[in-house]
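Some notes on the structure that comes next.
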Amino acid sequence: KARFYTCHCTGEENYRYLKTNMEDHIAYLAGGDVITC
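In structure tokens form, the structure reads like this:
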């Protein structure tokens with residue numbers, strides 16, 4: 196299962212749109228966050 200990450204450049208409005216359509220396949224990544232597998 197693929198998971199995508201977006202950052203501040205996407206913008207809050209665009210992220211909300213993506214989240215609505217992609218549900219748990221997308222997450223917001225901020226500076227200092229750590230991705231674990």
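When the letters of the sequence shown are read in order and numbered with this note's numbering, they come out as residues 196 to 232. Ideal Cβ positions, reconstructed from N, Cα and C, are used throughout, including at glycine. Being a predicted model, the structure only gives us computed values, none of them experimental.
Quiz item: Ends of the alpha helix (DSSP H) at T302?
Solution: Examination of residue 302 is not possible in this model, given that the chain is present from 196 through 232 alone.
Quiz prompt | Within 8 Å, strictly: CB atoms of Y223 and Y210 | solution = In this structure, Y223 sits near Y210, with a CB-CB distance shorter than 8 Å.
Exercise. Would you tell me roughly how many angstroms separate the C-alpha atoms of C232 and R198, rounded to the nearest one?
Key: Approximately 11 Å between the Cα atoms of the pair.
Quiz prompt | Opening and closing residue of the beta strand (DSSP E) in which T201 lies | solution = Note, T201: beta strand (DSSP E), 199–201.
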